[in-house]
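This report refers to the structure that appears directly beneath it.
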Amino acid sequence: MQDYFYALSDALFKKINASETLLIGFEGEDSDFVRFNHNKIRQAGSVAQRIIHLDLVEGKRHANARVDISGDIKMDTSQLEQTLQSLREQRKFLPEDPWLFYATKINSSETLHDNSLIESGDALEQIHHASDKMDMVGIFANGRQYTGFSNSMGQRNWHS
Numbered sequence: 001m002q003d004y005f006y007a008l009s010d011a012l013f014k015k016i017n018a019s020e021t022l023l024i025g026f027e028g029e030d031s032d033f034v035r036f037n038h039n040k041i042r043q044a045g046s047v048a049q050r051i052i053h054l055d056l057v058e059g060k061r062h063a064n065a066r067v068d069i070s071g072d073i074k075m076d077t078s079q080l081e082q083t084l085q086s087l088r089e090q091r092k093f094l095p096e097d098p099w100l101f102y103a104t105k106i107n108s109s110e111t112l113h114d115n116s117l118i119e120s121g122d123a124l125e126q127i128h129h130a131s132d133k134m135d136m137v138g139i140f141a142n143g144r145q146y147t148g149f150s151n152s153m154g155q156r157n158w159h160s
């Protein structure tokens, strides 16, 4: 996911003008959820979600957007490039922001946790077996979360 985010970032940085600064945030998750009642699975679901936040700055004017992405590099790049152009058009009509402040010193970081997660199916089987003949009620949640940041000045941050 980290390489995917950085590939999208690099594609967008090539599309900005010399007078612009682009700030890009990323958040995503791959999670499974199950609700138990009377030791039976009553609801189950999975979430695969990726969101990009764009903030296009020029001088003291900036415009931002939130975009849900699919995971298809060609489609996501196209959608984000269109959003970038829309932000450029919107920014023309926005007043200067006297409180606009963002870091200009590059401070990149990377935090990768190699958390070995049990597969959801295996965990559910163990939970069901351990609570056999009980009136077990609860919620099971399992998955990974990702966050990232990059800017057109060269900063990159990743946490997963």
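Residue numbers (the UniProt record's numbering): 1 to 160. All residues carry an ideal CB built from backbone N, CA and C; glycine is no exception.
Do you know how far the Cα of SER19 is from the Cα of VAL47? If you take the alpha carbons of VAL47 and SER19, they lie about 39 Å apart.
With 16 as the cutoff for other CB atoms within 10 Å, does LEU117 come out buried or exposed? Exposed is the call here.
Determine whether the beta carbon atoms of GLU29 and ARG144 lie at a separation below 8 Å. A contact, by the Cβ cut-off of 8 Å.
Curious, which full-length beta strand (DSSP E) runs of at least 3 residues does the stretch 120-154 contain? Counting whole runs of 3 or more residues, the stretch 120-154 contains the beta strand (DSSP E) stretches 138-151.
Check whether the stretch 83-97 and the stretch 122-139 are in contact - that is, three or more C-beta pairs closer than 8 Å. Contact between the stretch 83-97 and the stretch 122-139 is absent, because fewer than three Cβ pairs lie under 8 Å.
Going by C-alpha to C-alpha distance, which of MET153, ASP76, ALA11 sits closest to SER108? Of the candidates MET153, ASP76, ALA11, the one whose C-alpha sits nearest the C-alpha of SER108 is MET153.
Limits of the beta strand (DSSP E) - the one that THR83 falls within: Taken as a continuous stretch (DSSP letters only), THR83 belongs to no beta strand (DSSP E), being part of the alpha helix (DSSP H) at 73-91.
Could you tell me whether the stretch 133-150 touches the stretch 5-18, using the rule of 3 or more Cβ pairs below 8 Å? Three or more Cβ pairs closer than 8 Å define a contact, and the stretch 133-150 meets that threshold against the stretch 5-18.
Return the residue from the list GLY25, GLU58, LYS92 that minimises the CA-CA distance to ALA65. The option with the nearest alpha carbon to ALA65 is GLY25.
Within the same chain, show all residues whose beta-carbon is closer than 8 Å to that of ASP132, passing over the 5 residues directly before and after it, in chain order. Excluding residues within five positions, the ones whose Cβ falls inside 8 Å are ASN39.
Along the chain, which unbroken stretches of the beta strand (DSSP E) at least 3 residues long are found entirely within the stretch 2-67? The qualifying runs are 21-37, 40-58.
Who are the Cβ neighbours of ASP97 in its own chain at under 8 Å, not counting the five residues just before and after it? Cβ within range, chain order: LYS60, ARG61, HIS62.
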